[in-house]
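Protein chains in written order, with the numbering used here: chain D, 48 to 209; chain V, 48 to 209; chain A, 48 to 209. Here is the structure we will look at.
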Amino acid sequence: MENNPKNNATMVVFDGDLDKAMASFIIATGAAAMGKQVTMFFTFWGLNVLRKDEAVNVKNKNFLEKMFGRMMPRGPEKLGLSKMNFGGAGSKLMKKMMKQHNVTTLPELIELAQEMDVKLVACTMSMDVMGLQKEELIDGLEYAGVASYLSEAEDSNINLFI
Amino acid sequence: MENNPKNNATMVVFDGDLDKAMASFIIATGAAAMGKQVTMFFTFWGLNVLRKDEAVNVKNKNFLEKMFGRMMPRGPEKLGLSKMNFGGAGSKLMKKMMKQHNVTTLPELIELAQEMDVKLVACTMSMDVMGLQKEELIDGLEYAGVASYLSEAEDSNINLFI
Amino acid sequence: MENNPKNNATMVVFDGDLDKAMASFIIATGAAAMGKQVTMFFTFWGLNVLRKDEAVNVKNKNFLEKMFGRMMPRGPEKLGLSKMNFGGAGSKLMKKMMKQHNVTTLPELIELAQEMDVKLVACTMSMDVMGLQKEELIDGLEYAGVASYLSEAEDSNINLFI
């Protein structure tokens, strides 16, 4: 692969299920290992992947936002499966089977992605709508909107919506 | 961005949930604002996004098609969320939170996309299978099949399946 | 279309629902008909599309893997819909409506794809995690990991995650 600026990779991470989040980070770290500049744009439920696992005390949340925040999973350890989740049992089972096969866990994959300079971008419009504030998300993120995503996508030959 | 004919954007809108439909139209109108020719190809459940909100009296529907038509949501106001929908309550909540943050509504986004000459294409094969007829869909659509989608995708550097 | 090595198409087939699997094979066979080299990479639930429809006696399965294998659908005839499945009733209904309109069935589409030299690749990491062995999948597949997917995606101008 030539180091062509049009050879980047972008992903919109929309769903925020454990299985889809794993797939997106496996692709992202793989692409980064090939020398690609990779940008992951987390939007809607995808933002849950980036949440800290403890509750963070933030001001200026209205009732709806607090309620929404409490119902949505806090971070990679709490995510469910997109199928056969059975109230979290499927998710636990999947993690057990992954461990048996020494598959890197999602928290490890996120750390790895950050070490490999994969850009993790939180969609500011979705944060507004869902009432999520910067203090509730992990460190090392960028914050941007759709125009920024599109400009990255423009320079990429691999663009996925996950 | 050069006005390169290979710089278009296409999206297959498959799911037809409120949140995914919003994401697809936000990306589409953003890309159109950058000067891209954008084509959205609505297939399977995605067709529900394009339905008129009232029941339309059409002939030549068999029993299965009528039943299917009645069970599927009629247009952008009736769509549910892909997650935490709770029989429509989640969808209402999300719309309320969007309104609080002055996010453009889905019906407005669809209108905006049409004004910006985003091509909205209904997949004719899916219409056949689901028994949806042109009279049941909003005005200003094009009708085509997979070959037409692929030829648009061929000229695009951003191709998403949503 | 020039026969450009960068003009291939790849798809990650992740979900493994009947409707999404149909969409992916319709796009794949359409792209192959245009002269494109098409690679479909089956991962996570997408592997269920490639399962043989009978139980296969394999050794070295632990309890979790056996249980998982029993709960996941065996092959294209057993897949459910991503929406309105109603325990399989929606899936049957959809197949009936497709038959009324002479839409090619999923098993036929898979056969067609193989005849048109669409590369069907099973993700080996997902097979490991889900405890699926080669004997349980249909013939004519290739087996590879994410690096192989990325190298195919690099040569493609249409890349979808389905």
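Ideal Cβ positions, reconstructed from N, Cα and C, are used throughout, including at glycine.
Not flagged as an interface residue toward chain D: Asn132 of chain V, since no C-beta distance is shorter than 8 Å. Within chain D, the residues whose beta carbon sits less than 8 Å from that of Val176 of chain A are Met141, Met144, Met145, His148, Val150, listed in sequence order.
In the structure shown, Ala56 of chain V falls within a strand segment according to DSSP collapsed to helix, strand and coil.
For Thr86 of chain D, the closest Cβ of chain V is not nearer than 8 Å. Contact annotation: Arg121 of chain A and Asp100 of chain A have beta-carbon atoms nearer than 8 Å. Among the bridge pairs identified by DSSP, Ser203 of chain D is matched with D:Asn55. Interface criterion met: the Cβ of Leu197 of chain D is under 8 Å from a Cβ in chain V. If you look at Met131 of chain V, you'll find it isn't in any alpha helix (DSSP H); DSSP assigns it neither H nor E. Taken in chain order, the unbroken stretches of beta strand (DSSP E) that lie wholly in the stretch 65–90 of chain V and span 3 residues or more are 85–89. As DSSP reads the structure, Tyr190 of chain V sits in a beta bridge with V:Ala169. Annotation for Gly116 of chain A: the continuous alpha helix (DSSP H) segment containing it runs 110–118. Against chain A, a Cβ distance below 7 Å from Thr90 of chain V picks out Ala70.
Across the set A:Leu188, A:Glu182, A:Ser195, A:Thr151, the C-alpha of A:Glu182 shows the shortest separation from the C-alpha of Lys106 of chain A.
Asp186 of chain V counts as exposed, since fewer than 16 other C-beta atoms from the protein chains shown sit within 10 angstroms of its C-beta. As a beta-bridge residue in DSSP terms, Phe208 of chain D pairs with D:Val59. Closer than 8 Å at the C-beta level to chain V, one finds these residues of the stretch 108–133 of chain A: Ser129, Lys130, Met131.
Of the candidates D:Phe89, D:Asn54, D:Met81, D:Asp66, the residue whose Cα lies closest to the Cα of Ser173 of chain D is D:Phe89.
For Ile157 of chain D, the uninterrupted alpha helix (DSSP H) segment begins and ends at 153–162. Distance between Met163 of chain D and Lys142 of chain A, taken at the CA atoms: about 46 Å. Taken through DSSP and simplified to helix, strand or coil, Leu179 of chain V comes out as coil. By the Cβ-count criterion, Asn149 of chain A is exposed, with fewer than 16 other Cβ atoms from all chains shown falling within 10 Å of its own Cβ. Contact between Met144 of chain D and Val176 of chain A holds, since their C-beta atoms are separated by about 5 Å, short of 8 Å. The three-state reading of DSSP puts Leu140 of chain V in helix, counting H, G and I together. Beta-carbon to beta-carbon, Phe110 of chain D and Lys67 of chain V are separated by about 26 Å, too far to satisfy the 8 Å threshold. In terms of Cα proximity to Tyr190 of chain D, the closest of D:Gly63, D:Leu97, D:Phe133, D:Ala80 is D:Leu97.
When the five nearest sequence neighbours on each side are left out, the beta carbons in the same chain lying within less than 6 Å of the beta carbon of Val85 of chain D are those of Ala56, Ala75, Ala78, Ala79, Val165, in order along the chain. When the beta-carbon positions are compared, Ala160 of chain D and Leu94 of chain D stay at least 8 Å from each other. Within the same chain, Asp62, Asp64, Asp66, Lys67 come within 7 Å of Ser129 of chain V by CB-CB distance, once the 5 residues on both sides are set aside.
Of the residues D:Gly82, D:Leu126, D:Ile73, D:Leu188, the one whose Cα lies closest to the Cα of Leu156 of chain D is D:Ile73. The C-beta of Ala79 of chain D comes no closer than 8 Å to any C-beta of chain V. Listed in chain order, the non-local C-beta contacts of Leu207 of chain V below 6 Å within the same chain comprise Met58, local neighbours out to five positions each way being set aside.
Counting only the Cα atoms, Leu153 of chain D lies some 6 Å from Pro123 of chain D.
At least one CB atom of chain D sits nearer than 8 Å to the CB of Val193 of chain A. Closer than 8 Å to the CB of Glu189 of chain V there is not a single CB belonging to chain A.
By the neighbour-count criterion, in which 16 or more other beta carbons inside 10 Å mark a residue as buried, Gly134 of chain V falls on the exposed side. Interface annotation, Lys67 of chain D: in contact with chain A, CB-CB separation under 8 Å.
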